[in-house]
């Protein structure tokens, strides 16, 4: 099959000039009923922030996992002798709903952290029997949050799923000596009294 040549081609420079002149006439105009976008983001008061900081780079799960593991390791030099009983991770879209056995004589310490994009805080709910306490977990903190649970009946740790965020939750359950407890000795019953 032979290709036919067109003898009346418009020179490229003329075609571009026509296209640009058509666009230039509408430059700066917004469709009816819409406000023009502002040139700079709205100002916020110092300390006011509704979501996790956005660094401008894409959130990478491998990098987030490393940051979260460093947060869990931040308490390694606290003088206690933790013995790992369990560990795990979950994506924000799945949440966490884990029941732990808590037998033995040593106290349990739940270390938990999150690394997210677009979510500044998650809610952890600890439940045992009729007792229940909810706590805010700051995402992206350099050290994991820690919760003390005495031995006894099984307990449940729950972090509700977040459908509109990207990130993960990492946790470790350790056993510790009662002498190594820091703060409240039963974060399920609560010590705020």
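Numbering (our numbering), first residue to last: -15 to 177.
Backbone N, C-alpha and C fix where the C-beta goes; we use that ideal spot for every residue, glycine too.
The beta strand (DSSP E) that contains residue i, what's its start and end?
| i | result |
| --- | --- |
| residue 165 | Unbroken run through residue 165: none, as it is neither H nor E. |
| residue 151 | 150 to 160 |
Tell me the rounded alpha-carbon separation between residue i and residue j.
| i | j | result |
| --- | --- | --- |
| residue 145 | residue 156 | 19 Å |
| residue 65 | residue 160 | 6 Å |
| residue 124 | residue 76 | 14 Å |
| residue 105 | residue 148 | 13 Å |
| residue 59 | residue 97 | 12 Å |
| residue 119 | residue 153 | 14 Å |
| residue 110 | residue 56 | 19 Å |
| residue 115 | residue 80 | 19 Å |
| residue 164 | residue 143 | 26 Å |
| residue 134 | residue 85 | 11 Å |
| residue 174 | residue 103 | 26 Å |
| residue 53 | residue 113 | 31 Å |
| residue 107 | residue 121 | 6 Å |
| residue 50 | residue 78 | 20 Å |
Between which two residues does the alpha helix (DSSP H) carrying residue i extend?
| i | result |
| --- | --- |
| residue 55 | 45 to 57 |
Jot down the residue ranges of each uninterrupted beta strand (DSSP E) in the segment 69 to 147, minimum 3 residues, whole runs only, in chain order.
80 to 86, 91 to 101, 105 to 112, 115 to 122, 129 to 133 and 136 to 143
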